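The structure appears right after this line, and notes come after that.
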Amino acid sequence: MGAPRRASRRSSADGPGGARPRLAVWKFASCDGCQLTLLDCEEELLSVAARVEIAYFLEASSAPGPGPYDLSLVEGSITTPDDLERIRHVRRVSKRLVTIGACATAGGIQALRDFADVREFLSVVYARPDYIATLDRSTPISAHVPVDFELRGCPIDRRQLLEVVSAFLAGRRPVVPPNSVCVECKARGNACVMVAHGTPCLGPVTQAGCGALCPAFNRGCYGCFGPMESPNVRALNRQLRELGMSTPELVRVYRTFNAAEEPFRQAAEEADPELRDHEKTPGEDR
Amino acid sequence: MTHKTVKVGGLTRVEGEGALLVRARDGRIEDLELRIYEPPRFFEALLRGRSHTEPPDITARICGICPVAYQMSACQAIEAACGVEVTGPLRDLRLLLYYGEWIESHTLHVYLLHAPDFLGYDSGIAMAADHRDLVQRGLALKKAGNDLVAAVGGRPIHPVNVRVGGFYRVPTRRELAPVAERLRRAREIALETVSWVAGFDFPEVEHDYRFLALRHPGEYAILSGDVVTSDGGSFAVRDWPEHVTEEQVPHSTALHARLDGSPGYLVGPMARYSLNSAQLSPLAREAAAAAGLGPVCRNPFRSIVVRAVEIVHAYDEALRLIDDLAEPGAPYVPVEPRAATGHGASEAPRGTLYHRYRIDADGVIREADIVPPTSQNQARIEADLRHLIEPRLDLPEEELATLCERAIRNHDPCISCSAHFLDLHVDAR
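As given, the protein sequences belong to chains A and B, one line each in that order.
Under our numbering, think of the first position of the first sequence as 1, with each following residue one higher.
Under our numbering, think of the first position of the second sequence as 287, with each following residue one higher.
Here it is as structure tokens:
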């Protein structure tokens, strides 16, 4: 995650004819929900479309234009040999590359294969696994190419997406708070579900951005925005155990949509140290 | 002897990614493949070992366009395994949430993905340059659906409020009242939409479809029901595996579903409408009649009218449910695990979505099976394409490719929901 380079590119993007900056939306292994978020910006969509040229967006347009692109939004994780090549191409034709969502920034739910034998997974789903080309791991975009900004969430938040697109168009850094869900919970005036109801909650270690949605529905946060910076998972694990969570439950709660993110991977291993001995380590069988 | 190969690389305005490859020789199609390059994500494999409480959240991630459908089929399958049935106000709330998703998903398809085909635009966004009011109308129609899903489920994509047994929290009347107000206003737009799309220019084509959909005695089936087919078949959801089989065909790109041994049946709006149109709300039936739809629709290009009619129905029913909503005693019924297998099916916007789970006495999932609508329609979409292309092989390639894309979009295939579409490598000849 690096700071966006200065907006001097704007002028070249504008070109001699004053053309609008060109936006591209790319999909890798994913559910389409994050790019749908762009189409869910009902009230803003047409004004965004007036400010940028939506040059490549297969889900929305049958006339994809050629690169280069000023801003590429990338959804999905890298899971096939072809996609390894394709993401390099996307990087080459993009001045700025922003990943959107848990798949693109963390590998997504499909990264649960990282902790299993992908051949065995194949044989469970397909009668003829030999037809399928797949990698042993589901990896984030940043594992393969430099990324200018990573927007988290499963799915991403609509307002944060608009902020990121606006920021890149203006050549400034997006304002996306790095704190935990707890901060949003307090701001929203929610009662703490853990303190008030004894409901296990990942809010203390999870990156904000959703607006503390789950606690507002009397539910513990399930970590769909992934780990915040430097989370104290050890302290949270202690508390979750006090609330009655078993070791397998603790492992599962970290192993969902951001399972491959290092702090959540460590949190699961902290809960069950035996995992370290039985599972692949990062970088193995690539 | 002439060979001809048509390629539509990077199918556009469908959710997910696919391509079409056709090989013809002497005016006959030898090979036609709707190629899907959606990478496999192994949901059925990774669900094993998870808790019986988790499928609603995990399987929602199969499709960002219809997560509620996945949540509903998953919940009902788990509840069936555990011997629980969710009824009364909690079931009504599920219906309400589901109608919101139908509105979102259908409106997205009608306005932004499908209508541009009829009006000669590359995208809804390009269409907005000439018809801003029209696209704004579509976005308003869609937004009311998003607002409904957000009010009941917490957010429009991957709602957080759904759990096995019901909900985490029941939305209050105060939360639903402003949504109802917006729905009431937007229902007018839904009616205008039906007459708008009914005026499009439709190619005169009819296929002898074999339809499959759920049927419910009390409603136009969306959340639950028995499975019925247009050739008179009927079976309970728990008997699904005896009737629907999936096979991986060599030189084909997807698992092809077969119904009682034969391939090529159709699920989705046209199937639902043709099997159950008498159960639509009075307003939706009126709109359908005014749009010139008979009780059965076999022209795939007219599916846009059927979707528009279903949007009216969804608005109508959602408003009725909000008006009549009773206070459930608790937000959910407890669902205690037991060693059993459960089946669940509901009508996703794109058609019947089936889930099966085998769980053990501790509630750990041992086996999962998911049959999404697009994998059921795959063979039938290919058949539509054969009919379309064979008499038109002499058309310029670009024109033919455009026609094929239109024929595929008629069925609104959601390729990301391909829990098991293949990334198949075929030797080029």
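Where is the CB? At the ideal position from N, CA and C, for every residue including glycine.
Keep in mind it's a predicted model, so treat the numbers as computed, not measured.
Can you name, in chain order, every residue of its own chain whose Cβ lies under 7 Å from the Cβ of residue i, other than the five neighbours on each side?
i	result
B/Ala363	Gly628, His629, Gly630, His641, Arg642 and Tyr643
B/Thr393	Gly424, Leu427, Lys428, Gly431 and Ile597
B/Val650	Gly335 and Ser337
B/Tyr454	Asn447 and Pro617
A/Val118	Thr134 and Asp136
A/Thr247	Ala271 and Asp272
A/Leu236	Pro204 and Val205
B/Ala634	Cys352, Ala355 and Pro659
A/Leu45	Leu39
B/Pro623	His338, Cys368, Ile645, Ala647, Asp648 and Gly649
B/Ala415	none
Can you tell me the Cα-Cα spacing of residue i and residue j, whole angstroms?
i	j	result
B/Arg666	B/Pro549	8 Å
B/Tyr385	B/Leu689	31 Å
B/Thr539	B/Ile608	For B/Thr539, the predicted structure reports a pLDDT of 44, less than 50, and the residue's modelled location is therefore unreliable. A value from the coordinates is still provided. Spanning the two alpha carbons is a distance of roughly 44 Å.
B/Arg695	B/Thr660	12 Å
B/His537	B/Asp317	Here B/His537 scores only 41 on pLDDT, less than 50, and its place in the model should not be relied on; the value that follows carries that caveat. Straight-line Cα distance between these residues: approximately 9 Å.
B/Val308	A/Pro129	25 Å
A/Arg188	A/Ala216	8 Å
B/Val456	B/Val438	8 Å
B/Arg468	B/Glu603	14 Å
B/Leu545	A/Ser47	47 Å
A/Tyr222	B/Gly519	43 Å
A/Asn258	B/Leu509	30 Å
B/Arg418	B/Ala573	25 Å
B/Glu683	B/Arg558	34 Å
B/Val553	B/Arg496	9 Å
A/Arg152	B/Cys583	43 Å
Which class does residue i belong to by DSSP, given the choice of helix, strand or coil?
i	result
A/Ala106	helix
A/Thr80	coil
A/Ala55	strand
B/Thr539	Since pLDDT at B/Thr539 reaches only 44, below the 50 mark, its modelled position is unreliable, and no value is offered.
B/Tyr495	coil
A/Ile123	Residue identity check: residue 123 of chain A is Ser in the sequence provided, not Ile. Helix, per DSSP.
A/Thr139	strand
A/Leu291	In the structure as shown, chain A starts at 1 and stops at 286, and residue 291 of chain A therefore has no counterpart that could be examined.
A/Thr134	coil
B/Leu255	No statement about residue 255 of chain B is possible, as the shown extent of chain B runs from 287 to 715 and does not include it.
B/Asp655	strand
A/Arg219	coil
B/His502	strand
A/Leu97	strand
B/Gly518	coil
B/His629	strand
B/Leu383	helix
B/Leu681	coil
A/Ile87	helix
A/Thr199	coil
B/Tyr397	helix
Below 8 Å on the Cβ atoms is my contact criterion, and I expect residue i with residue j to pass it. Report the Cβ-Cβ distance as a whole number of Å.
i	j	result
A/Phe145	A/Leu97	According to the sequence displayed, residue 145 of chain A carries Val and not Phe. Confirmed, Cβ separation roughly 7 Å.
B/Val446	B/Gly440	4 Å
B/Tyr551	B/Leu500	With a Cβ gap of about 14 Å, B/Tyr551 and B/Leu500 do not count as contacting.
A/Gly171	A/Val193	Going by Cβ atoms, the distance from A/Gly171 to A/Val193 rounds to 40 Å, so no, they are not a contact pair.
A/Ile109	A/Thr256	6 Å
A/Ile132	A/Cys34	A/Ile132 to A/Cys34, Cβ: 25 Å. No contact.
So if DSSP puts residue i in a beta bridge, which residue, or which two residues, is it bridged to?
i	result
B/Leu545	B/Val530 and B/Ser548
A/Asp114	In DSSP, A/Asp114 forms no bridge with anything.
B/Ala634	B/Gly637
B/Asp512	B/Arg501
B/Phe488	Answer is none; B/Phe488 lacks a bridge partner.
A/Gln207	A/Ser180
Consider the Cβ of residue i: report whether some Cβ of chain E lies at a distance smaller than 8 Å.
i	result
A/Ala268	Among the protein chains of the structure shown, namely A and B, there is no chain E.
Looking only at its chain, what residues have a beta carbon closer than 8 Å to the beta carbon of residue i, apart from the 5 residues adjacent to it on each side?
i	result
B/Pro402	Arg299, Asp408, Ser409, Gly410, Ala412 and Met413
B/Phe521	Asp512, Val513, Glu528 and His529
B/Ala543	Val530, Thr531, Glu532, Pro549, Tyr551, Val657, Ser661, Gln662, Gln664 and Ala665
B/Pro581	Ser560, Ser563 and Ala564
B/Pro586	Val491, His493, Met556, Asp670, Ala693, Asn696 and His697
A/Phe289	The displayed coordinates of chain A run from 1 to 286. Any statement about residue 289 of chain A would go beyond what the structure contains.
B/Leu611	Pro375, Asp378, Leu379, Leu382, Arg459 and Leu462
B/Trp526	Val513, His629, Ala631, Tyr640, Arg642 and Val657
A/Arg158	Thr37, Asp40 and Cys41
Enumerate in chain order the residues of its own chain whose CB-to-CB distance from residue i is below 6 Å, with the five nearest sequence positions on each side excluded.
i	result
B/His444	Ala346 and Pro353
B/Thr339	Val450
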